[in-house]
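Peer 1: Here the sequence shown stands for residues 1 to 354, where the numbers follow full-length UniProt numbering.
The C-beta atom is built at its ideal place from N, Cα and C for all residues, glycine as well.
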Amino acid sequence: MLKNDTFLRALMREPVEYTPVWMMRQAGRYLPEYCATRKNAGSFLQLCKNTELATEVTLQPLDRFPLDAAILFSDILTVPDAMGLGLYFAEGEGPKFERTVRTEEDVAKLFVPDVGTELKYVTDAVSSIRKALDNRVPLIGFSGSPYTLACYMVEGGSSSDYRTIKTMMYARPDLLHRILEVNTLTVIDYLNAQIEAGAQAVQIFDSWGGSLPFGKYQEFSLQYMARIVAGLKREHDGRKVPVIVFTKGGGQWLEDIAATGCDAIGLDWTTDIGEARRRVGDKVALQGNFDPVALFAPPAAIEAEVERILTSYGGGDGLKTGHVFNLGHGISQFTNPDHAAALVAAVHRFSGKK
Ligand code: CP3
Numbered sequence: 001m002l003k004n005d006t007f008l009r010a011l012m013r014e015p016v017e018y019t020p021v022w023m024m025r026q027a028g029r030y031l032p033e034y035c036a037t038r039k040n041a042g043s044f045l046q047l048c049k050n051t052e053l054a055t056e057v058t059l060q061p062l063d064r065f066p067l068d069a070a071i072l073f074s075d076i077l078t079v080p081d082a083m084g085l086g087l088y089f090a091e092g093e094g095p096k097f098e099r100t101v102r103t104e105e106d107v108a109k110l111f112v113p114d115v116g117t118e119l120k121y122v123t124d125a126v127s128s129i130r131k132a133l134d135n136r137v138p139l140i141g142f143s144g145s146p147y148t149l150a151c152y153m154v155e156g157g158s159s160s161d162y163r164t165i166k167t168m169m170y171a172r173p174d175l176l177h178r179i180l181e182v183n184t185l186t187v188i189d190y191l192n193a194q195i196e197a198g199a200q201a202v203q204i205f206d207s208w209g210g211s212l213p214f215g216k217y218q219e220f221s222l223q224y225m226a227r228i229v230a231g232l233k234r235e236h237d238g239r240k241v242p243v244i245v246f247t248k249g250g251g252q253w254l255e256d257i258a259a260t261g262c263d264a265i266g267l268d269w270t271t272d273i274g275e276a277r278r279r280v281g282d283k284v285a286l287q288g289n290f291d292p293v294a295l296f297a298p299p300a301a302i303e304a305e306v307e308r309i310l311t312s313y314g315g316g317d318g319l320k321t322g323h324v325f326n327l328g329h330g331i332s333q334f335t336n337p338d339h340a341a342a343l344v345a346a347v348h349r350f351s352g353k354k
């Protein structure tokens, strides 16, 4: 039995005593203890592949802050790596791939990897983290969305304008659809394997779907996420496994996202969460939506922002369920951990945690 299941109850829109909180990228370089462990591991990928160290860094933020959920320490780019594209991290340049998927021949060669062998290190980490958590809080599993994974596979790394993939979308939509098909089948296997190994909720990170025009978002990103939601094991060990869909920049498409059948929508900071709640009604829960850059301001300003978001959602009227407090995107590596502590404390205090 979970000692703290507030996060899962909020996602299912069941009554909660206070608003649960976790932070996107809560394990990472803003924590000195993470930097120390990463140094011992060698590279970032070696850290992801080392069960013991991946478990250790997953728990580090929980030992510092009273967070209501843990998130698997891994990366969305493990999936294209398992497809043989050769992920590496160039110092100071972010993720890169040795091989890209751009031509007709590249696409024809693309395959659904055997998740049970190629990504066993991820499910091993899930089992190990569950054991180490000892039911303190639920564990979130995750994957990139088919479109966001395709961005890295086609571009070969990060991009400021997504020129290569968007050109493919306009010029050869058939090629991009084929990539998205393979990614969708892979992500379904991957998330189901994480659920089987013990993930108690899952999040689909559609970090770059918001760069698509209206219509193209629905065709090239949302459609495939809806297929994933439909293909997931939604119950495990007698408990519902909620699915969160996070499209950064997706605030104008909330009704469409809610129609995928997901349990919750992740919001970036540009949307008013109260307005978002009125738009989706009781169809889904909402997660968000604090601007991660506001963590650079002094604690009093952080607290004011937290209060604004909780008030907008409607936390003061006893109807606070259906809201999981989070950042609108990942925490910056330059954040002062004391400011993250102030955020977590403010969410709990203002939402009535005893
Ligand atoms: O604590 C957690 O949230 C769990 C771990 C996690 C990481 N990446 C660890 C990581 C999660 C959930 C992710 C998701 C991820 N990875 C996304 C989706 C979320 C988002 O931010 O939009 C994306 C787009 C990636 C791809 C990726 N991985 C990039 C662009 C980078 C480099 C940018 C950076 O912050 O340096 C990574 C590397 C990465 N993933 C780090 C961490 C802690 C930093 C690597 C290091 O320690 O050097």
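Shortest alpha-carbon distance to residue 308 belongs to which of 323, 299, 290?
Peer 2: Closest option to residue 308, Cα to Cα, is 290.
Peer 1: Are the beta-carbon atoms of residue 242 and residue 12 separated by less than 8 Å?
Peer 2: Going by C-beta atoms, residue 242 is nearer than 8 Å to residue 12.
Peer 1: Given this structure, state the Cα-to-Cα distance separating residue 203 from residue 168, to the nearest angstrom.
Peer 2: Each residue's alpha carbon lies about 27 Å from the other.
Peer 1: Tell me the rounded alpha-carbon separation between residue 253 and residue 327.
Peer 2: Each residue's alpha carbon lies about 19 Å from the other.
Peer 1: Measure the beta-carbon distance from residue 44 to residue 147 and round it to whole angstroms, keeping in mind my assumption that it falls under 8 Å.
Peer 2: Not a contact, Cβ separation roughly 23 Å.
Peer 1: Rounded to the nearest angstrom, what separates residue 323 and residue 101 at their Cα positions?
Peer 2: Looking at the two C-alpha atoms, the distance is approximately 39 Å.
Peer 1: I need the boundaries of the beta strand (DSSP E) containing residue 94, first residue and last residue.
Peer 2: Segment 94-97, the beta strand (DSSP E) holding residue 94.
Peer 1: Using beta-carbon positions only, say whether residue 28 and residue 333 come within less than 8 Å of one another.
Peer 2: Yes, they are a contact pair.
Peer 1: Who are the Cβ neighbours of residue 108 in its own chain at under 6 Å, not counting the five residues just before and after it?
Peer 2: The answer is none, since no qualifying residue turns up.
Peer 1: If you draw a straight line from the C-alpha of residue 350 to the C-alpha of residue 310, how long is it?
Peer 2: Rounded to the nearest angstrom, the two C-alpha atoms are 8 Å apart.
Peer 1: Considering only C-alpha positions, which residue in the set 150, 97, 160, 248 is nearest to residue 175?
Peer 2: Here the closest residue by C-alpha is 150.
Peer 1: Report yes if the C-beta distance between residue 138 and residue 263 is below 8 Å; otherwise report no.
Peer 2: Going by C-beta atoms, residue 138 is not nearer than 8 Å to residue 263.
Peer 1: Under 7 Å from any heavy atom of ligand 1, does the C-beta of residue 194 make it?
Peer 2: It does not: the Cβ of residue 194 is nowhere closer than 7 Å to a heavy atom of ligand 1.
Peer 1: Am I right that residue 115 and residue 190 are in contact with their C-beta atoms under 8 Å? What's the rounded C-beta distance?
Peer 2: Going by Cβ atoms, the distance from residue 115 to residue 190 rounds to 5 Å, so yes, they are a contact pair.
Peer 1: Looking only at its own chain, which residues have a Cβ that is under 6 Å from the Cβ of residue 98, when we skip the five neighbours before and after it?
Peer 2: Contacts found: 86.
Peer 1: Give a yes or no on contact between the stretch 38-54 and the stretch 74-84, applying the rule of three or more CB pairs nearer than 8 Å.
Peer 2: Contact between the stretch 38-54 and the stretch 74-84 is present, because at least three Cβ pairs lie under 8 Å.
Peer 1: Please specify which runs of the alpha helix (DSSP H), each continuous and at least 4 residues long, are wholly inside the stretch 9-78, giving them in chain order.
Peer 2: Within the stretch 9-78, the complete alpha helix (DSSP H) runs of at least 4 residues are 32-41, 44-49, 51-64.
Peer 1: Do residue 79 and residue 187 count as a contact pair if the criterion is CB distance below 8 Å?
Peer 2: For residue 187 and residue 79, yes; Cβs fall inside 8 Å.
Peer 1: Quick one: measure Cβ to Cβ for residue 21 and residue 347, integer angstroms, because I've assumed they're closer than 8 Å.
Peer 2: Between residue 347 and residue 21 the Cβ distance is about 4 Å, and since that is below 8 Å, they are a contact.
Peer 1: Let's see if you can read the secondary structure: which residues bound the alpha helix (DSSP H) around residue 215?
Peer 2: It is not in any alpha helix (DSSP H) - residue 215 carries neither H nor E in the DSSP assignment.
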